[in-house]
Amino acid sequence: MKWIADAMLGDLARYLVILGEDAAYWRDCSNQALIDKALIENRIVITRNRNLEHTDVCVVVCFKQETSVWDKLEYLKNNFSLVFSPEKLFTRCLLCNVAVTPFLPGQRPYDIPERIFNTFQLYNCPVCGKIFWRGGHVLRTEAMLKSHGLL
């Protein structure tokens, strides 16, 4: 399942990407451009914009402004049969929203400390080149998501 969030729901898009979902975030586009992008890429629109609520050309999920990000994630999980798991956390680039790929053994990027290189499997984004590893932030994020009943 693929998602596209408008400028009002950047926090939700970010958490979906953290959870391993393909979630594009479009900050500066008109309603029509958002709908067009959703149609071209076969994405579900997530928004708070009531003007998009009754669009019949694509699937739109419209949230009330006061709904928390946790409630939004729970709604999507329950209504779209999403499966969030610790294994899927941080498997996509937070900047580019593409799947990260593992570095081959022995490939040490020049700017990664030796301690990190020797301790963690490294991943990189094939688009922007950003390097990731499953450090303490992954455990903290996992604990937070579990505390909200999402994992």
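Numbering (our numbering), first residue to last: 1 to 151. Using N, Cα and C, we set each Cβ at its ideal position, and we do this for glycine too.
Who does residue i pair with in a DSSP beta bridge?
{"i": "tryptophan 3", "result": "Ala23, Ile44"}
{"i": "arginine 92", "result": "Ala99"}
In three-state DSSP terms, what is residue i?
{"i": "proline 86", "result": "helix"}
{"i": "valine 60", "result": "strand"}
{"i": "threonine 101", "result": "strand"}
{"i": "arginine 14", "result": "helix"}
{"i": "tyrosine 110", "result": "coil"}
Where does the unbroken beta strand (DSSP E) through residue i begin, and where does it stop?
{"i": "asparagine 124", "result": "122 to 124"}
Identify which residue in the options has its Cα closest to the Cα of residue i.
{"i": "proline 126", "options": "Ile40, Ile18, Cys96, Gly136", "result": "Cys96"}
{"i": "phenylalanine 84", "options": "Pro105, Tyr15, Asp11", "result": "Tyr15"}
{"i": "valine 69", "options": "Thr47, Lys88, Thr101, Leu52", "result": "Thr47"}
{"i": "aspartate 28", "options": "Leu9, Gly136, Glu41", "result": "Leu9"}
{"i": "aspartate 22", "options": "Val45, Ala33, Gln107, Gly149", "result": "Val45"}
What residue range is occupied by the uninterrupted alpha helix (DSSP H) comprising residue i?
{"i": "isoleucine 131", "result": "Element bounds for isoleucine 131: not the alpha helix (DSSP H) but the beta strand (DSSP E), 131 to 133."}
{"i": "phenylalanine 80", "result": "That residue, phenylalanine 80, is in no alpha helix (DSSP H); it is neither H nor E in DSSP."}
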